[in-house]
Amino acid sequence: MYAVIKTGGKQYRVQQGDVLRIEKLDAEVGKKVTFDQVLMFGEGSDIQVGADAAKAKVSAVVTEEGRGKKVVVFKKRRRKNYRLTQGHRQSFTTVQIEKITKPRAVAKKVAAEAGKE
C-alpha cells in the first residue's frame, strides 16, 4: 500500500520502508513523526481520496538532519560595476516511513465491499 502525503509545501508518494529527504522538521534524530495531511492512500483499485484519506496517518522515524550543498546565487549587470554573490544551504530532515494506518471506517467499508463480491 502507498500514500501521498503533504509536508513542507511538497507532496510525496510513500510506501512502508521508504527513506525521504524532506524540508526541515522540528524533531530530533530517533524520534517518531506522524504526517496527518494524507491526500490519498491505497493500492490497485482500492484507492481512497478526500475525506476518507484525510483520516489516515503515516508514521515515520527521523534518521538524519543536515544541510544540503551550497547553492551560489550570482547577479551581474554588465557595464554598471554591479556584482553580487550570495550563498544558501537548505536544511533537511531524512525520515524512514514505518507504517501507513487506515482509519477504521475505511477498513470496515472495504471489508464489506469484499464480502458482497
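Using this note's numbering, the letters of the sequence shown correspond one by one to residues 26 to 142.
Each residue gets a CB set at the ideal place from its N, CA and C atoms; glycine is no exception.
If you're wondering where the values come from, they're calculated on a predicted model, not measured in any experiment.
- Note on Gln40: under 16 other CB atoms within 10 angstroms of its CB, so exposed under the neighbour-count rule.
- With a beta-carbon spacing of about 5 Å, Ala81 and Phe66 fall inside the 8 Å limit used to define contacts.
- Note on the segment 53-112: whole alpha helix (DSSP H) runs with a minimum of 4 residues are 76-79, in chain order.
- Assignment of Arg46 by DSSP, reduced to helix, strand and coil, places it in the strand class.
- Listed as beta-bridge partners of Gln121 by DSSP are Val44 and Val86.
- By the CB criterion at 9 Å, Val83 and Ile122 fall inside the cutoff.
- In the structure shown, Arg38 falls within a strand segment according to DSSP collapsed to helix, strand and coil.
- Counting the other Cβ atoms within 10 Å of the Cβ of Val120 gives 16 or more, which makes it buried.
- Distance from the Cα of Thr118 is smallest, within the candidate group Pro128, Val58, Lys105 and Gln111, for Val58.
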